[in-house]
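S.K.: Here's a structure for you.
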Amino acid sequence: MSWIKGCLRWVRWLFTQIPIYGQLFNSSKSSISAALNDLFITTLFSLLPLWFYPIIAKFAFGTPFWSTVKSFVNGGELFIYSAALVGPLIYAITKRYGEDNEQDPQGKSDVAGVFPKIRSIQFPYGVWFVLISILVCCFAAIFFGIMRANSSANLPIQPDEDALFVASGILYLFTLSCFFCVSVYRLNLENTSETFGQDTRNLMKQWENHND
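Following this line, the structure appears as structure tokens:
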């Protein structure tokens with residue numbers, strides 16, 4: 003039985019080395035549960051333009067639900083949703099968890115009038131998330147442009163619309179997973195800060211009671 007436990011520990015360690023998703027295994031259940039709620043609410047309301055009318059059309063006109071949804075996203079709309087979902091992660095991570103350049107003695111930045119250079123990001127997989135966000139936005143812009151250009155004018159090389167549709171769905175699911183991971187890690191950091199703060203307050207209270 004000991005070798006089985008050793009294998010399980012090795013498998014767990016192996017999974018923790020996976021970029022982006024590895025630290026989910028070390029996250030608290032409360033953080034994962036709260037992040038799932040955030041993910042559900044975000045997905046529900048962000049995709050409302052895609053599923054609300056198809057439901058009405060299903061009951062009012064008998065139009066097949068999924069065919070209506072597919073007609074809505076055939077133009078590459080999921081690429082836009084992917085960029086809109088993952089884009090703010092860049093700002094959220096670098097703004098709150100990024101460390102700016104050293105300031106000069108006068109308290110001014112090294113270079114005035116430009117964005118501050120981020121030396122490091124104190125967030126799990128912070129650099130990974132920023133790079134992925136940039137790549138997702140770039141790919142979404144390129145593929146959405148191809149689909150729009152093909153619908154308005156015949157391109158010299160015809161893209162595979164079905165393949166692009168599948169790619170848009172995969173990209174959106176991937177961005178949802180990134181959003182979920184960021185929510186989990188953010189909650190972990192907040193809960194850790196609250197725990198340390200509570201421990202400090204308890205220690206101060208014990209010290210005050212000891213000196214009374």
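Here our numbering is used: position 77 in the sequence shown is 79, and no number is missing along the way. We put the CB at the ideal spot given by N, CA and C, even for glycine.
Contact between the region 3-21 and the region 162-170 is defined here as three or more beta-carbon pairs at a separation below 8 Å; is this criterion met?
M.R.: no
S.K.: Helix or strand or just coil, what does DSSP make of T18?
M.R.: As a first step, residue 18 must be located in the sequence shown, where it is residue number 16. Here DSSP, grouped into helix, strand and coil, assigns T18 to helix.
S.K.: Can you tell me whether C9 is buried or exposed, with buried defined as 16 or more other CB within 10 angstroms of its CB?
M.R.: Translated into positions along the sequence shown, residue 9 becomes position 7. Classification for C9: exposed.
S.K.: Would you decide whether N103 is buried or exposed? Buried here means 16 or more other CB atoms lie within 10 Å of its CB.
M.R.: Here residue 103 is taken as the residue at index 101 of the sequence shown, counted from 1. No answer about N103 holds up, because its pLDDT of 49 lies below 50 and its placement is not dependable.
S.K.: Whose CA, out of F125, F182, M149 and F131, lies closest to the CA of N76?
M.R.: In the sequence shown, counting from the first residue as 1, residue 76 sits at position 74. Among F125, F182, M149 and F131, the Cα nearest to that of N76 is on M149.
S.K.: Does the separation of the CB atoms of C180 and F146 fall below 8 Å?
M.R.: One-based indexing of the sequence shown puts residue 180 at position 178. One-based indexing of the sequence shown puts residue 146 at position 144. No, Cβ-Cβ distance for C180 and F146 is not below 8 Å.
S.K.: If you draw a straight line from the alpha carbon of P21 to that of Y127, how long is it in whole angstroms?
M.R.: Counted from its first residue, the sequence shown places residue 21 at position 19. Counted from its first residue, the sequence shown places residue 127 at position 125. Between P21 and Y127, the C-alpha separation is close to 7 Å.
S.K.: At 4 residues or longer, and completely inside the region 20-66: list those alpha helix (DSSP H) runs for me, N to C.
M.R.: 31-48 and 50-63
S.K.: How do the region 85-98 and the region 54-67 stand: do at least 3 beta-carbon pairs fall below 8 Å, yes or no?
M.R.: No, because fewer than three Cβ pairs between the region 85-98 and the region 54-67 fall closer than 8 Å, the two stretches do not touch.
S.K.: Taking the beta carbon of V168 as the centre, do at least 16 other beta carbons fall within 10 Å, making it buried, or is it exposed?
M.R.: Looking up residue 168 in the sequence shown gives position 166. In the assembly as shown, V168 is an exposed residue. Its beta-carbon has fewer than 16 other beta-carbons within 10 Å.
S.K.: Please classify N28 as buried or exposed, where buried requires at least 16 other C-beta atoms within 10 Å of its C-beta.
M.R.: Locating residue 28 in the sequence shown gives position 26, counting from the first residue. Its Cβ having fewer than 16 others within 10 Å, N28 is exposed.
S.K.: Report yes if the CB atom of Y174 is closer than 8 Å to the CB atom of Y83, and no otherwise.
M.R.: Residue 174 sits at position 172 when you count from the first residue of the sequence shown. Residue 83 sits at position 81 when you count from the first residue of the sequence shown. Less than 8 Å divides the Cβ of Y174 from the Cβ of Y83.
S.K.: Look up F131 in the DSSP assignment and say whether it is helix, strand or coil.
M.R.: For the purposes of this step, residue 131 is taken as the residue at position 129 of the sequence shown. Three-state result, F131: helix.
S.K.: Please classify T177 as buried or exposed, where buried requires at least 16 other C-beta atoms within 10 Å of its C-beta.
M.R.: As a first step, residue 177 is located in the sequence shown; it is residue number 175 there, counting from the start. Per the 10 Å Cβ criterion, buried.
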